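A short write-up of the structure that comes next.
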Amino acid sequence: MRRAPHLVALTALVATLLATLVPSTGSARDGEPVHTSPGARSGAPETATIPDLRVRMLAHGFRFPWDVQQLPSGALLVTERNRARLHHLARGRHRSIEFPSEDVWVAVETGLMSLAVDPDFATNRRIYTCQGGFTATGHEVRVVAWKLVRRKARHPQTLIGGIPALEGGHGGCRLLIDRDNGALLVGTGDARLVGNARNLDTLGGKVLRLDRFTGAAWPRNTWYAEGGNRAYVLTYGHRNVQGLAQREDGRIWSVEQGTYRDDEVNRLRAGGDYGWDPRPEYNETSPMTDHTLPGPQVDAKWSSGDPTLATSGAAWVSGEQWGDLDGTLAVAALKSQRLLFMKFDPIGRVRWIETPEPTMRYGRLRSVTSAANGDLLVTTSNGGLDHVLRVSPR
Ligand SMILES: [Ca+2]
Ligand SMILES: [Ca+2]
Numbered sequence: 494m495r496r497a498p499h500l501v502a503l504t505a506l507v508a509t510l511l512a513t514l515v516p517s518t519g520s521a522r523d524g525e526p527v528h529t530s531p532g533a534r535s536g537a538p539e540t541a542t543i544p545d546l547r548v549r550m551l552a553h554g555f556r557f558p559w560d561v562q563q564l565p566s567g568a569l570l571v572t573e574r575n576r577a578r579l580h581h582l583a584r585g586r587h588r589s590i591e592f593p594s595e596d597v598w599v600a601v602e603t604g605l606m607s608l609a610v611d612p613d614f615a616t617n618r619r620i621y622t623c624q625g626g627f628t629a630t631g632h633e634v635r636v637v638a639w640k641l642v643r644r645k646a647r648h649p650q651t652l653i654g655g656i657p658a659l660e661g662g663h664g665g666c667r668l669l670i671d672r673d674n675g676a677l678l679v680g681t682g683d684a685r686l687v688g689n690a691r692n693l694d695t696l697g698g699k700v701l702r703l704d705r706f707t708g709a710a711w712p713r714n715t716w717y718a719e720g721g722n723r724a725y726v727l728t729y730g731h732r733n734v735q736g737l738a739q740r741e742d743g744r745i746w747s748v749e750q751g752t753y754r755d756d757e758v759n760r761l762r763a764g765g766d767y768g769w770d771p772r773p774e775y776n777e778t779s780p781m782t783d784h785t786l787p788g789p790q791v792d793a794k795w796s797s798g799d800p801t802l803a804t805s806g807a808a809w810v811s812g813e814q815w816g817d818l819d820g821t822l823a824v825a826a827l828k829s830q831r832l833l834f835m836k837f838d839p840i841g842r843v844r845w846i847e848t849p850e851p852t853m854r855y856g857r858l859r860s861v862t863s864a865a866n867g868d869l870l871v872t873t874s875n876g877g878l879d880h881v882l883r884v885s886p887r
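As structure tokens, this is what we get:
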């Protein structure tokens, strides 16, 4: 185990001393082993230039922050899952955004989750959240557009609802706006419901694609002409999509969590079946990509094997300052408590994976997104005294 006990203690002490901005009542999840195996491949070649990384704590005292996104002003927005709060961080000041937290259904892994900022935010002030919600008969996951006016989230517009939710497990949910065509992508979880992921008529266990202004299904989706829920489906057969990231070539990649094995990084193609179909009951010994299912299934580009790392958010790293980490996929891992930098070749084969030690000092990592200058923004998910981190090359 690379994470020395004194370092854990020091990190906890620092976190305790600095956690003054938001009162915190939770405690870190325990009982989960820390794995050091990065998966199928490891280690950049000796000739690679891997910069030392600097990790700064930007804000402290959160409880299960989920997503972090930068606004054009440089300020950061942060969602907090269980308290369903939205935060604004700017120049060392941490303020709450007025947000109807009471409308968010919070249970298990579901609450206020992903966040997206409109590419035209400077003029339209639009942001998007994926969150649990109450319905007449129960619960759902939904995507809501907001107008952010003077640190108030106003004019909620539900773009898509009815994403299945059972008890809150496998609630997804990751948002990404395709920079090439402006479509809103929504990575969803299967809600631990049998048959969900491969049923084109439900919205769970999918990557959905829709118009970010109207919520209408995207006309180029594979089953658009058939209407109904399937009109929204970009890809299906996913267990719990936690990450979405767009590579420089425009292709969308997803990250999902495996069962006891096989976290996956997938390259998405419209209409693709990614092969998750636990049966009978919710049988978690089913493979993450089951080729015995009808038709072709798309293999993962990277898979953790056994054990899993609990991979979550991801962002493509960009900028010469990153040396040979430029162009890698940075993946946040919960259980294995690190950032993985995965190098894929142009056709999507994994070449190597680096797991820099400075990213292993903060516990479980949920999301990683890019700041405008190429730095990475990271949220931790320890259940109390959580941080927002900024990772940059030295
Ligand atoms: Ca799969
Ligand atoms: Ca097959």
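Add 493 to a position in the sequence shown, counting from 1, and you land on the number used in my numbering. Backbone N, C-alpha and C fix where the C-beta goes; we use that ideal spot for every residue, glycine too. Owing to the predicted nature of the structure, the values given are computational and were not obtained by experimental measurement.
Notebook entry, point to check: Hey, would you say the C-beta of T728 is under 7 Å away from at least one heavy atom of ligand 2?
Noted result: no
Note to self: Quick check for students: name the residue ranges of the beta strand (DSSP E) that lie wholly in the segment 536 to 586, counting only runs of 3 or more.
What the structure shows: 546 to 555, 558 to 563, 569 to 573 and 578 to 583
Next item on the list: Specify the secondary structure class of E777 as computed by DSSP and reduced to three states.
Entry: coil
Next item on the list: Just jot down, in chain order, the residues whose CB lies closer than 6 Å to any heavy atom of ligand 1.
Entry: E757, Y767, G768, W769, M781, T782 and A793
Next item on the list: Could you check the C-alpha separation between N866 and Q814 for me, to the nearest Å?
Entry: 10 Å
Next item on the list: Say yes only if the C-beta of P771 is nearer than 7 Å to one or more non-hydrogen atoms of ligand 2, and no if none qualify.
Entry: no
Next item on the list: Buried or exposed for R549, please, with buried defined as at least 16 other CB atoms from any protein chain shown within 10 angstroms of its CB.
Entry: exposed
Note to self: Let's see if you can read the secondary structure: which residues bound the alpha helix (DSSP H) around A615?
What the structure shows: F614 to N617
Item checked: Residue span of the beta strand (DSSP E) that contains H632, given as start and end -> H632 to V642
Item checked: DSSP three-state assignment for Q650, whether helix, strand or coil -> strand
Check: Apart from the five residues on each side of it in sequence, which residues of its chain come closer than 6 Å, Cβ to Cβ, to A823?
Finding: A808, V810, L832, F834, V861 and L869
Next item on the list: List the endpoints of the continuous beta strand (DSSP E) containing M835.
Entry: R831 to F837
Checklist line | Where A718 falls: helix, strand or coil (DSSP) | finding: helix
Next item on the list: Buried or exposed for Y753, please, with buried defined as at least 16 other CB atoms from any protein chain shown within 10 angstroms of its CB.
Entry: exposed
Notebook entry, point to check: So G720 packs on V700, CB below 8 Å; how close in whole Å?
Noted result: The pair is not a contact, with the Cβ atoms about 19 Å apart (cut-off 8 Å).
Next item on the list: Could you tell me which of R772, G743 and N617 sits nearest to G841, measuring between CA atoms?
Entry: G743
Notebook entry, point to check: If you run the structure through DSSP and keep just helix, strand and coil, what is S874?
Noted result: coil
Checklist line | 8 Å Cβ cutoff met for I745 and L686 | finding: no
Next item on the list: Give the range of the beta strand (DSSP E) segment to which H880 is assigned.
Entry: D879 to P886
Notebook entry, point to check: So, are the CB atoms of L818 and P544 less than 8 Å apart?
Noted result: yes
Notebook entry, point to check: Where does R596 sit, in a helix, a strand or coil, going by DSSP?
Noted result: Here the sequence assigns Asp to residue 596, which means Arg is not the residue at that position. D596 falls in the helix class under three-state DSSP.
Item checked: The beta strand (DSSP E) enclosing Q735, as first and last residue numbers -> V734 to Q739
Next item on the list: Express the C-alpha separation of A710 and L802 in angstroms, rounding to a whole number.
Entry: 33 Å
Margin query: Could you pull the DSSP bridge partners for S805 from this structure?
Written below: The partner list for S805 (beta bridge, DSSP) is empty, contrary to what the question assumes.
Margin query: Could you give the first and the last residue of the continuous beta strand (DSSP E) run that contains G680?
Written below: L677 to G680
Notebook entry, point to check: From R713 to V599, what does the alpha carbon distance come to, in whole angstroms?
Noted result: 33 Å
Notebook entry, point to check: Starting from R702 and walking both ways along the beta strand (DSSP E), at which residues does that stretch end?
Noted result: K699 to L703
Notebook entry, point to check: Since C623 sits in a beta bridge, which residues does DSSP pair it with?
Noted result: V636
Check: Excluding sequence positions up to five away, which residues of its chain have a Cβ less than 7 Å from the Cβ of R723?
Finding: L693, D694 and W716
Check: Can we count G788 as close to ligand 2, meaning its CB is less than 7 Å from some heavy atom?
Finding: yes
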